[in-house]
Amino acid sequence: MILDHFRLDGKVAVVTGASQGIGRGIALGLAEAGADVVLASRTRADLEEVAASIVATGRRAHVVETDVMHTDQLERLVDETVGTLGRLDVLVNNAGGTGPRPAMETSERMFEKALRFNVTAPFLLSQRAARAMVDTAGEGSIVNISSRSSDMVMTSFVAYGTAKAALNMMTRNLAAELAPRVRVNAISVGGVATQGLAVVLTDDALRAEYEAGTPMRRPGRPEDIACAALYLASPAASWVTGKVLQVDGGVEAPAIAVPVPPLEPSVG
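Just so we're aligned, residue 242 is where the sequence shown starts under my numbering, counting upward by one.
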């Protein structure tokens, strides 16, 4: 049966940023497909709630409180996954994000933090996970959660957009080097109804503008991204690597723009 190719029975997945939103949706989706899931984020209480939902599906869940900005915690995440569940098959690099800010107000610290959070941390974790995958399972799949801001010009997102564009290129380069044992793909996500989009979705005028600018006339849902992640993580995508899959409601231009002040001559 073709649906069997989407099953993850007997496999172990790690999902970062799994405590809420897209990460939570992906973790639950992988568990429903048969995977045991290691949940990583900075907030243990939220992770425990997700773990309880996974256990209710009959799968195992293991919580590892993790700040992906610290390399030693990334190493501990992989070590604890293998030590507790015996193998590693799937990594979803979901943790990331940087708030909007006009380019001329973006500090050096903010720009470099965006790169560390959205590119460097996924790279370092992918290195360690790929080694563990090959050593314990013989093969594996890495799914990076990117953003349409990586390839569409969006005002106030210079740090985030630049970082996610780098994540896309990292995905393609890693895929070439790690094939055929470890597949590496990314999902370029549009606007999803999570906490990050709340300021738009809770304002009637902004929501109407957003929906009018989206061909599918609605924001994404976490399960929309979870379905794509399951495909890329599963044997169904066994001939897919180095690709960036756009899951965005059909947008080809920003559905809504963040206003920025014009650049004027300095006074005095």
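Backbone N, C-alpha and C define an ideal beta-carbon position, used for all residues, glycine too. Owing to the predicted nature of the structure, the values given are computational and were not obtained by experimental measurement.
C-beta contact flag for residue i and residue j at 8 Å
i	j	result
residue 426	residue 481	yes
residue 360	residue 395	no
residue 335	residue 256	yes
residue 291	residue 344	no
residue 378	residue 330	yes
residue 468	residue 275	no
residue 475	residue 249	yes
residue 282	residue 307	yes
residue 463	residue 491	no
residue 277	residue 253	yes
residue 497	residue 442	no
residue 483	residue 413	yes
residue 367	residue 288	no
Neighbourhood of residue i by C-beta distance below 7 Å, restricted to the same chain and skipping five residues each side
i	result
residue 466	263, 266, 267, 428, 430, 433 and 488
residue 369	315, 316 and 319
Below-8 Å beta-carbon distance, residue i vs any chain D residue
i	result
residue 401	The structure shown contains no chain D, having only a single protein chain.
Beta-bridge partners of residue i, as assigned by DSSP
i	result
residue 428	386 and 486
residue 303	279
residue 357	According to DSSP, which records beta bridges pairwise, residue 357 is partnered with nothing at all.
residue 335	None, per the DSSP bridge assignment.
residue 256	280 and 333
residue 508	Note: residue 508 sits in no beta bridge, so no partner.
residue 491	None; residue 491 has no bridge partner.
residue 394	Residue 394 is not bridged to any residue.
residue 461	433
residue 381	423
Proximity winner among the options, relative to residue i (alpha-carbon distances)
i	options	result
residue 460	423, 408, 245 and 439	439
residue 272	286, 247, 493 and 376	247
residue 393	278, 251, 495 and 505	495
residue 352	500, 505, 295 and 397	397
residue 259	297, 252 and 303	303
residue 284	342, 261, 299 and 422	261
residue 251	280, 327, 310 and 371	327
residue 502	342, 453, 388 and 350	342
residue 279	371, 452, 470 and 321	321
residue 312	420, 365, 435 and 375	365
residue 363	309, 454, 505 and 287	309
residue 453	421, 493, 417 and 354	493
Beta-carbon contacts of residue i that lie in its chain and below 6 Å, excluding the five residues immediately before and after
i	result
residue 485	409, 427 and 429
residue 300	272 and 277
residue 332	255, 370 and 383
residue 388	405 and 430
residue 450	497
residue 325	303
Beta-carbon contacts of residue i that lie in its chain and below 8 Å, excluding the five residues immediately before and after
i	result
residue 478	382, 424, 426 and 472
residue 499	341, 395, 396, 397 and 398
residue 436	261 and 262
- Message: Does the contact criterion of 3 or more C-beta pairs under 8 Å hold for the segment 401-420 versus the segment 349-365?
- Response: yes
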